[in-house]
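Reading through the structure tokens given below for one structure.
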Amino acid sequence: MESNNFDQARKTLQPLLNADPQNAWYLDLATDIDLGQKKTSDAINRLKNARELRTNPVLQLNLANALLQGGQPGEAATILNRYTFTYKEDGNGWDLLAQAEGALGNRDQELAARAESMALVGQLEQAISLLSSASSQVKLGSLQQARYDARIDQLRDLQARFRPYQKM
Numbered sequence: 001m002e003s004n005n006f007d008q009a010r011k012t013l014q015p016l017l018n019a020d021p022q023n024a025w026y027l028d029l030a031t032d033i034d035l036g037q038k039k040t041s042d043a044i045n046r047l048k049n050a051r052e053l054r055t056n057p058v059l060q061l062n063l064a065n066a067l068l069q070g071g072q073p074g075e076a077a078t079i080l081n082r083y084t085f086t087y088k089e090d091g092n093g094w095d096l097l098a099q100a101e102g103a104l105g106n107r108d109q110e111l112a113a114r115a116e117s118m119a120l121v122g123q124l125e126q127a128i129s130l131l132s133s134a135s136s137q138v139k140l141g142s143l144q145q146a147r148y149d150a151r152i153d154q155l156r157d158l159q160a161r162f163r164p165y166q167k168m
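The sequence shown runs 1 to 168 under the working numbering.
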């Protein structure tokens with residue numbers, strides 16, 4: 001979107017946001033405009049001050065995205081780890097978590113988040129492969145490796161259960 005389109009959108013949204021500054025839909029839209037104009041700190045501040053932040057998953061995801069775009073992947077990863085624990089079936093959360101972990105250099109956790117995203121869309125073989133890679137990158141015998149290996153076993157069981165329904 002061109003800059004003047006963002007300006008027009010902000011101009012249209014501002015009276016609504018002034019009238020109802022805690023409206024989650026307006027906050028979501030304002031965040032999109034801020035991020036489109038590279039005003040990440042404005043988006044972050046607005047979202048951190050939102051009353052419904054703790055209970056509204058859209059605002060949580062928006063804050064994590066703004067933090068990630070604003071160069072704060074650590075804080076984004078903290079939010080996204082909680083988010084994906086609560087909203088396990090949200091691919092957007094897993095995709096953002098993978099980006100945050102990648103930015104932090106946590107390759108195994110990045111791969112694990114990508115694997116969960118793949119598993120959500122039924123790409124179990126790719127998910128297993130990513131988790132195997134994640135498992136090989138952590139300390140042998142560690143709790144993290146056991147966690148990755150247990151998830152691989154779960155996905156293999158799921159894969160076996162659905163095998164009769166797949167096209168040959």
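Just so it is clear, CB atoms sit at the ideal spot from N, CA and C, and this is done for glycine as well. Values in this document were obtained by computation on a predicted structure and should not be read as measured data.
Any non-hydrogen atom of the ligand FMN closer than 7 Å to residue i Cβ
{"i": "Gln126", "result": "In the structure shown, the ligand FMN is absent, as is every other ligand, since no ligand is present at all."}
Option nearest residue i by Cα separation, candidates the options
{"i": "Ala50", "options": "Leu104, Pro21, Ala66, Ala77", "result": "Pro21"}
{"i": "Tyr83", "options": "Leu61, Ala66, Ala103, Ser132", "result": "Leu61"}
{"i": "Gln145", "options": "Gln154, Ala134, Arg54, Leu155", "result": "Ala134"}
{"i": "Ile172", "options": "Asn81, Leu158, Leu68, Asn4", "result": "Residue 172 is absent from the structure shown; the chain starts at 1 and stops at 168."}
{"i": "Ala103", "options": "Ala77, Asp34, Ile44, Gly141", "result": "Ala77"}
{"i": "Glu110", "options": "Ser142, Leu13, Leu80", "result": "Leu80"}
{"i": "Asp153", "options": "Leu131, Ser142, Tyr165, Lys38", "result": "Leu131"}
{"i": "Arg156", "options": "Lys167, Leu143, Gly122", "result": "Gly122"}
{"i": "Leu68", "options": "Lys88, Pro57, Lys38", "result": "Lys38"}
Residue i classed as buried or exposed, judged by whether at least 16 other C-beta atoms fall within 10 angstroms
{"i": "Arg163", "result": "exposed"}
{"i": "Asn174", "result": "Within the shown structure, residues of the chain are numbered from 1 to 168, placing residue 174 beyond reach of any answer."}
{"i": "Asp7", "result": "exposed"}
{"i": "Tyr148", "result": "buried"}
{"i": "Thr55", "result": "exposed"}
{"i": "Ala112", "result": "buried"}
{"i": "Ala100", "result": "buried"}
{"i": "Ser117", "result": "buried"}
{"i": "Thr31", "result": "buried"}
Integer-rounded CB distance, given that residue j should sit under 8 Å from residue i
{"i": "Gly70", "j": "Ser41", "result": "6 Å"}
{"i": "Leu120", "j": "Gly91", "result": "5 Å"}
{"i": "Arg107", "j": "Gln137", "result": "6 Å"}
{"i": "Leu173", "j": "Arg46", "result": "There is no way to answer for residue 173, as the model of the chain reaches only from 1 to 168."}
{"i": "Ser13", "j": "Ile33", "result": "The amino acid occupying residue 13 in the given sequence is Leu; Ser does not appear at that position. Right, their Cβ atoms sit about 7 Å apart."}
Residue i, DSSP secondary structure in three states
{"i": "Gly74", "result": "helix"}
{"i": "Ser117", "result": "helix"}
{"i": "Lys167", "result": "coil"}
{"i": "Gln109", "result": "helix"}
{"i": "Asn65", "result": "helix"}
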